[in-house]
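Under the numbering used here, the residues of the sequence shown are numbered 467 to 644, in order. Glycine residues also receive a C-beta, built at the ideal position from the N, C-alpha and C atoms. Structure first, then comments.
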Amino acid sequence: MKQAFPISLLLFLSFVVPSFAEVYKWIDEKGIVHYTDDIMQVPEKYRPMAEEEMGLPEGKGESAIEGDSTLKKKDEGVYKDRLGRGEEYWRGRVEESRKKLGVLQEKAEGLRIKYNELTERYNDSRSSTERATLRRERGQIKSEMEQNRIETEDVKDMLEKKIPEEAEIYKARPEWIK
Numbered sequence: 467m468k469q470a471f472p473i474s475l476l477l478f479l480s481f482v483v484p485s486f487a488e489v490y491k492w493i494d495e496k497g498i499v500h501y502t503d504d505i506m507q508v509p510e511k512y513r514p515m516a517e518e519e520m521g522l523p524e525g526k527g528e529s530a531i532e533g534d535s536t537l538k539k540k541d542e543g544v545y546k547d548r549l550g551r552g553e554e555y556w557r558g559r560v561e562e563s564r565k566k567l568g569v570l571q572e573k574a575e576g577l578r579i580k581y582n583e584l585t586e587r588y589n590d591s592r593s594s595t596e597r598a599t600l601r602r603e604r605g606q607i608k609s610e611m612e613q614n615r616i617e618t619e620d621v622k623d624m625l626e627k628k629i630p631e632e633a634e635i636y637k638a639r640p641e642w643i644k
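Written out as structure tokens, the structure is:
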């Protein structure tokens, strides 16, 4: 029984084959070091100089692998982020948020005007029934104003924080979100 364990362990280890991803390293004309796990991602003029390395380079995380399009230019020469999205995508996100912000600001102005009109009517009213109705309507408008304020803050947060943070994470160019 005691010999069965070492033999089975040796048998198991003989079938375990270490597997390392092939990682290629090359340096462009600007002296920038690039890494990729796909030799086809290495520009043709650098392929003869590309060095094959075992595993990831020390001190480098996922961003060092060129195959994930981290700092990569596509074949057509247009810069893309890590997920392959370009300037059009990022500008579209910003434009969509700005339009939404504009709509929310217009709605806020309309609600403010309506609330002020109801307040004037309430102050001018002598009927307790009419005043109760106007108070209820003002309460509804005030609730809509609060909801609009929350949505506006969310969109501003999206424009000022979330989109820039996401762009930084995915290595989009900062000028795309201005």
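Every unbroken stretch of the alpha helix (DSSP H) spanning 4 or more residues and falling wholly within the region 577–638 is given here in chain order: 594–623 and 629–635. Taking C-beta atoms as the reference points, L577 and M624 fail to come closer than 8 Å. By the Cβ rule, the region 581–591 does not count as touching the region 554–561, because fewer than three pairs are nearer than 8 Å. Between I643 and V544, the gap from beta carbon to beta carbon reaches 8 Å or more. Our two residues, T599 and I579, have alpha carbons roughly 18 Å apart in a direct line. Apart from sequence neighbours up to five positions away, the residues of its chain that approach K622 with a beta-carbon distance below 7 Å are L567, ordered along the chain. Buried is the label assigned to K491, since at least 16 other Cβ atoms lie within 10 Å of its Cβ. A residue is called buried once 16 or more other Cβ atoms fall within 10 Å of its Cβ, and K627, having fewer, is exposed. Leaving aside the five residues that flank R551 on each side, the residues in its chain whose CB is nearer than 8 Å to its CB run, in chain order, Y636 and A638. Around the CB of S609, fewer than 16 other CB atoms lie within 10 Å, so the residue is classed as exposed. Counting the other Cβ atoms within 10 Å of the Cβ of K546 gives 16 or more, which makes it buried. Approximately 7 Å separates the beta-carbon atoms of S563 and I629; this is inside 8 Å, confirming the contact. Contact between I493 and V499 holds: their C-beta atoms lie close to 5 Å from each other, under 8 Å. Nearest C-alpha to E634 among R548, I607 and P509: R548.
For the pair E632 and D620, the Cα-to-Cα distance works out to about 15 Å. V489 and E641 have their C-alpha atoms roughly 31 Å apart.
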